[in-house]
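Once you know that position 111 of the sequence shown is 111 in our numbering, the rest is easy, because the numbers rise by one and skip nothing. Yeah, the Cβ is synthetic: ideal placement off N, Cα and C, and Gly gets one too.
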Amino acid sequence: MSLNDQEPPARRLFLRQIGGASSVAALAAPALLGGLASPLASAQQGSAARPTDDAHPSGYLSLGPQEAACVEALVNVMCPADAMTPNGVDCGLHLYIDRQLAGGWGRGDQLYRQGPWRPGKPQHGYQSPLTPEQHFKAGLAVLRREARQRTGKAVEQLEAGPLDALLQEVAAGQMDDERFALGAWFNDFFYPLFVQACFADPMYGGNRDKTFWRAVGFPGLPAFHGRNVVQFRGLPFPGAAKPQSIEDFS
């Protein structure tokens, strides 16, 4: 039996190709989300209909209570606790996502947002009147609505197996409709943020205790390893046992 066969289904689904995904994760949503249906009016109406989400639970900067509970459930099923890592919440993945939404990226500081917003191709970049934070929350609201309609439960109330099956349907585009491309939202928006949360420097909230760096043997700040790349090419690098983050040098 291979290692992959011993892993929970959720980890096999979401982490098997994480190395390839991490190479584009730095682009996140702005460069990957061309042409998604994200009606501004629907998002604004959804925000007005959920007043309880206006108050942020302790430690959150962007997500409201229901949104935070949903994100925590998602990162836990995508990164279950096992011999490789703690669960997603214990790794801080939810906090990384929340901080990105609350910061300059979530506000769309680097995006041209003058319009017009016409349907575009992926290579055209992010085409939406919504900021990335607004788009993220619009997709989260659609996911929560679909989960409730299909299962009768909130996302955070689902067991790992049913939630894993639900996310596989989402990723396959089986919950898309003419109003919102939920599959593209998950694959090109939520998932890249999840990968970033796994491998970003711990100072940004995710990858707590450098868990994922240790798992893949990454020694930390690459600027200090120019010679090591040559000297240890194809060989285990001793420094990977104690990876160093930005905070270790501050």
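Going straight from the alpha carbon of residue i to that of residue j, what length do you get?
i      : j      : result
TYR138 : GLY108 : Just to set this straight, residue 138 is Ala in the shown sequence, not Tyr. Those two C-alpha atoms are separated by around 15 Å.
ALA181 : GLN134 : 15 Å
PHE237 : ALA200 : 20 Å
THR131 : LEU235 : 44 Å
ARG144 : PHE224 : 44 Å
LYS242 : ASN228 : 15 Å
GLY64  : ILE97  : 13 Å
TRP105 : PHE190 : 14 Å
TRP213 : GLY205 : 14 Å
GLN127 : GLN231 : 45 Å
ALA171 : ASN187 : 6 Å
LEU69  : GLU146 : The sequence as given places Ala at residue 69; Leu does not occur at that position. Cα to Cα, the separation comes out at about 16 Å.
GLU67  : TYR112 : 27 Å
LEU158 : ARG233 : 45 Å
I think residue i touches residue j, with their Cβ atoms under 8 Å apart; what is that distance to the nearest whole Å?
i      : j      : result
PRO202 : GLU247 : 7 Å
LEU221 : GLN244 : 6 Å
ALA102 : LEU140 : About 15 Å; that fails the 8 Å criterion.
Please list the terminal residues of the continuous alpha helix (DSSP H) segment that includes residue i.
i      : result
GLY139 : 132 to 151
ARG227 : 226 to 231
PHE249 : Unbroken run through PHE249: none, as it is neither H nor E.
PRO236 : Run containing PRO236: none; DSSP gives neither H nor E here.
Could you check which residue in the options has the C-alpha nearest to that of residue i?
i      : options                        : result
PRO86  : GLY226, CYS198, ALA240, PRO129 : CYS198
VAL77  : PRO122, GLN168, GLN110         : GLN168
ALA184 : ALA215, GLU156, VAL142         : VAL142
> Just checking, does the segment 106 to 119 make contact with the segment 81 to 89 on the three C-beta pairs under 8 Å criterion?
Replying inline: The segment 106 to 119 is not in contact with the segment 81 to 89.
> Is the segment 143 to 152 in contact with the segment 170 to 184, if contact means three or more CB pairs nearer than 8 Å?
Replying inline: yes
> When the Cβ atoms of the segment 91 to 110 are set against those of the segment 208 to 218, are three or more pairs found closer than 8 Å?
Replying inline: yes
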